[in-house]
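When the letters of the sequence shown are read in order and numbered with mature numbering (1 follows the signal peptide of the UniProt record, and there is no 0), they come out as residues -18 to -1, 1 to 440.
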Amino acid sequence: MRRLLPAVFFTAAMSLGAAEAVSSLSVPVTVPLAGVQGAANARVPAEFARLDETRSFLGGLVSVKLAGTVTRAGHVSVRPSADGAGLVVSVPIRAAFRASPGGLGSVMATDFGGQATVSLTVTPFVRPDWEAGVKVRGDYAWTDPLSVDLGGGLKISVQSLVDAQVRAQLDKVAADVERAVREGADLRARAGALWGRAQQPWSLPTPEPGYALVLPKALSVTPFRFTQDALKLTVGAAFDLKAGLGRAPAAPVRPLPALNVAAGVADGVDLSVPVRLPYTDLSAAATRYAAAQVFPLSVPTSPKLRVTGVTVRPQGAALHAVVQLRIEGPLGLRVPATVDVTGTPVLDAAGRVLTLKGVTVRTRREGLSGRVIGWLADARAQAFVQGAARFDLTPHLDRARGQVQARLPFTPVPGVRLSGTVGTLKLTGFQVTPDALVVTAAAGGRVNATLDAASLAR
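Printed below as a string of structure tokens:
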């Protein structure tokens, strides 16, 4: 089941599911546009261009002094582009110039100018070094031509004289916006912090000390998206989780991986819970089940075969069950017998019961008559005895589920808080050890993991 800058909370969903399924933890990053707009207003210059020079016209017959400025005419506005992939930065500018022909003083001086709105479309992207970059496309058009007609065929344009200065200032504005986006997103630091955190082993809310070893696989980031008030993206780490009991072994720290841009980042953690089952518990479970079964032998007087006890112990990777039997019949027939059943544990489809496969059944002949040995050698009797090595772990799994649930909310690593509902446990694997059978169990239900951004060491 799968499931904001200061005071950012990273959220994830933890589904206790199949062993070693690929998990992911996503980190939403939000950069308020108010900060970008504030930076733009603070850094966009009041003056874009200045002109103060004298030029000759009509083959040197006339000289004209050209003076004036192109200035900012209002606040800078920042808004998302229509497709949400970029940011439109708009700057109103105004040009005011005076053309003064030489020798004529101020009599022929003429004022002229115009207005324009500079629009820069800034499209951020993630660079291979995990920093935010931007692509800038800009343009502007004057409401009035920046030209003046002084008569006598003398028409002067200053637009080409100031365009280079205006565009140079626009380049600076673009660089400032890029810096504001990069510093606000702080993407490399956030990605590195998440990657480092993703490699820390988790402690588990299990009945006895357990851990989940985190094996990071990949780190992804979504393309930048803009809303009316914020820039948003999501960084996600994909990893495997391997559960175990005891103390987590040391794991090498992996460097920040190559950039991977993905349309979306999955969210959800699949984790198996390790449970230790002492062989005494397995023996008791098998005895309870088998003692309730009776097998009538197909021989004269129809004696019945009962199981009075099952003792389980490890034998390499297999389990060895010593099955105590009693044959009961008329006229006070009571014959005890012992049978050794050995086989490899296997899970049933429901993931709640262990049985044995590749089974060998051996009857201990001491003290038994040939007739009784023959009865126990019957294939149907052997199948009944083999069935005694059946371990219904439902009570153990339900108890473990309750113990895990009781420990929630839980902190597996500093800054991470687990909470939610643990569903029914289902066996997914096991390991035969000298002192217990260690099973891994997955659960339905949903456990949320919340990570406080302030807890990340950056």
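Beta carbons: idealized from backbone N, C-alpha and C, even for Gly.
Mind reading off the beta-carbon distance from residue i to residue j? Whole number of angstroms is fine, and I expect it under 8 Å.
i, j, result
"PRO183", "ALA194", "7 Å"
"ARG76", "GLY50", "About 10 Å separates the two Cβ atoms, so there is no contact after all."
"LEU307", "VAL321", "6 Å"
"GLY325", "VAL341", "4 Å"
"PHE30", "VAL60", "Not quite, the Cβ-Cβ distance comes to about 18 Å (not below 8 Å), so this is no contact."
"residue 512", "SER202", "There is simply no residue 512 to check, as the chain begins at -18 and stops at 440 in what is shown."
"LEU375", "ARG316", "Actually they do not touch by this definition, with Cβ atoms about 32 Å apart."
"GLY311", "PRO285", "3 Å"
"ALA365", "VAL292", "About 16 Å separates the two Cβ atoms, so there is no contact after all."
"ALA425", "ARG389", "Contact doesn't hold; Cβ gap of about 14 Å is too wide."
"residue 445", "ALA167", "With the chain represented from -18 up to 440, any question about residue 445 goes unanswered, as that position is not in the structure."
"ALA171", "ALA200", "About 19 Å separates the two Cβ atoms, so there is no contact after all."
"VAL257", "VAL421", "5 Å"
"VAL130", "ALA81", "5 Å"
"PRO83", "LEU132", "6 Å"
"ALA67", "PRO260", "Not quite, the Cβ-Cβ distance comes to about 59 Å (not below 8 Å), so this is no contact."
"LEU264", "PHE373", "5 Å"
Which partner residues does residue i have in the DSSP bridge list?
i, result
"PHE208", "LEU213"
"THR36", "LYS47"
"ARG362", "Note: ARG362 sits in no beta bridge, so no partner."
"ARG428", "THR403"
"LEU69", "PRO62 and VAL104"
"LEU375", "None, per the DSSP bridge assignment."
"VAL9", "VAL217"
"ALA173", "Its beta-bridge partners do not exist; DSSP assigns none."
"GLY226", "TYR193"
"ASP93", "ARG80"
"TRP184", "ALA194"
"ALA423", "VAL255 and LEU409"
"ALA232", "ALA232 is not bridged to any residue."
"VAL52", "ALA31 and ALA77"
"THR99", "PRO74"
"THR355", "Looking at the sequence provided, one finds Ile at residue 355 rather than Thr. ILE355 pairs with nothing; no bridge assigned."
"ALA370", "Answer is none; ALA370 lacks a bridge partner."
Which stretch, first to last residue, makes up the beta strand (DSSP E) that contains residue i?
i, result
"GLU165", "Unbroken run through GLU165 is the alpha helix (DSSP H), 141 to 167; no beta strand (DSSP E)."
"LEU336", "335 to 345"
"ALA194", "192 to 203"
"ASP131", "129 to 131"
"ARG119", "114 to 121"
Could you spell out the range, first to last residue, of the alpha helix (DSSP H) harbouring residue i?
i, result
"LEU238", "Run containing LEU238: none; DSSP gives neither H nor E here."
"GLY17", "15 to 25"
- Query: Should the region 156 to 174 be called in touch with the region 105 to 119, which here means at least 3 C-beta pairs below 8 Å?
  - Reply: Remark: three or more beta-carbon pairs, one from each stretch, lie closer than 8 Å, so the region 156 to 174 and the region 105 to 119 are flagged as touching.
- Task: Could you tell me whether the region 185 to 193 touches the region 226 to 239, where touching means 3 or more Cβ pairs closer than 8 Å?
- Result: Put simply, the region 185 to 193 touches the region 226 to 239. At least three CB pairs are less than 8 Å apart.
- Item | beta strand (DSSP E) segments (min. 3 residues) lying fully within the region 379 to 414 | Counting only runs of 3 or more, we get 398 to 414.
- Any 3 or more C-beta pairs closer than 8 Å across the region 392 to 408 and the region 356 to 371: At 8 Å Cβ cutoff, the stretches do not touch.
- Message: Could you check whether the region 57 to 75 touches the region 89 to 104, counting it as contact only if at least three pairs of C-beta atoms, one from each stretch, sit closer than 8 Å?
- Response: At 8 Å Cβ cutoff, the stretches touch.
- Message: Tell me whether the region 232 to 240 and the region 336 to 350 touch, counting them as touching only if at least three CB pairs, one residue from each stretch, are closer than 8 Å.
- Response: Using a Cβ-Cβ distance cut-off of 8 Å, the region 232 to 240 and the region 336 to 350 are not in contact, since fewer than three pairs of beta carbons, one from each stretch, lie closer than that value.
- Query: Can you list the alpha helix (DSSP H) stretches of 4 or more residues lying completely in the region 249 to 329, in chain order?
  - Reply: Given a length threshold of 4 residues, each whole run of the alpha helix (DSSP H) inside the region 249 to 329 is given here in chain order: 261 to 273.
- Are there three or more Cβ pairs, one per stretch, closer than 8 Å when the region 202 to 211 is compared with the region 11 to 31? At 8 Å Cβ cutoff, the stretches touch.
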